[in-house]
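Numbering (our numbering), first residue to last: 1 to 182.
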């Protein structure tokens with residue numbers, strides 16, 4: 001099994017927090033407030049990022065933003081080609097998404113295939129008024145015509161490189177680094 005070796009740290013915990021605070025302000029501004037906004041995190045690291053965004057928005061606006069958790073496993077276009085049995089987890093969106101503005105949150109935007117799967121999963125749950133995309137990192141190399149509305153940081157990478165997002169909620173620290181598999 002290949003091992004990811006850290007090459008360059010592109011964001012530390014403070015930089016992640018600053019990027020999320022900026023994105024939170026942009027979400028409020030673009031939507032003219034928080035009415036009918038639901039933040040939906042894509043499992044795995046999109047969920048803690050969504051929770052952090054909701055908390056930051058609540059601190060700014062004094063209003064709690066509902067959070068949803070989306071599992072896209074069954075919507076992946078490579079499911080039939082996987083050599084292992086994927087772990088399917090639950091989707092939790094307690095609010096009715098019909099006619100709401102959903103802010104879909106993920107850690108890294110790469111080919112766009114994860115977001116395509118997330119869009120399919122959301123549409124199966126209802127008909128939102130609007131779906132926006134917030135990502136911590138946009139690394140380019142799109143294979144599908146998908147673009148983020150809110151980006152923490154653009155990090156151009158070579159295709160042989162990888163971006164690793166570490167969050168204290170799921171890992172041992174907050175940081176983003178460029179790595180290479182050996």
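The beta-carbon is built from N, C-alpha and C at its ideal position, and this holds for glycine as well.
Helix, strand or coil for residue i per DSSP?
i           : result
residue 185 : Nothing about residue 185 can be read from this structure; the chain reaches only from 1 to 182.
residue 155 : coil
residue 7   : strand
residue 101 : strand
residue 30  : helix
residue 112 : coil
residue 167 : coil
residue 141 : coil
residue 15  : helix
residue 126 : coil
residue 46  : helix
Mark residue i as exposed unless 16 or more other C-beta atoms lie within 10 angstroms of its C-beta, in which case mark it buried.
i           : result
residue 181 : exposed
residue 122 : buried
residue 166 : buried
residue 8   : exposed
residue 2   : exposed
residue 174 : buried
residue 100 : buried
residue 5   : exposed
residue 94  : exposed
residue 140 : exposed
residue 172 : exposed
Quick one, are the C-beta atoms of residue i and residue j less than 8 angstroms apart?
i           : j           : result
residue 75  : residue 120 : yes
residue 150 : residue 23  : yes
residue 67  : residue 20  : no
residue 69  : residue 34  : no
residue 31  : residue 37  : yes
residue 170 : residue 45  : yes
residue 25  : residue 65  : no
residue 137 : residue 163 : yes
Do you know how far the Cα of residue j is from the Cα of residue i?
i           : j           : result
residue 128 : residue 97  : 5 angstroms
residue 157 : residue 176 : 13 angstroms
residue 195 : residue 152 : Not covered by the structure: residue 195. The range shown for the chain is 1 to 182.
residue 71  : residue 117 : 9 angstroms
residue 27  : residue 91  : 23 angstroms
residue 13  : residue 126 : 35 angstroms
residue 124 : residue 73  : 14 angstroms
What residue from the options has the CA that sits closest to residue i's CA?
i           : options            : result
residue 190 : 67, 114, 130, 171  : For the chain, the structure presents residues 1 to 182; residue 190 sits outside this window and is missing.
residue 196 : 92, 29, 62, 108    : Here the chain covers residues 1 to 182 and nothing more, so residue 196 does not appear.
residue 103 : 133, 111, 112, 125 : 133
residue 111 : 131, 48, 25, 135   : 135
residue 10  : 155, 159, 125      : 155
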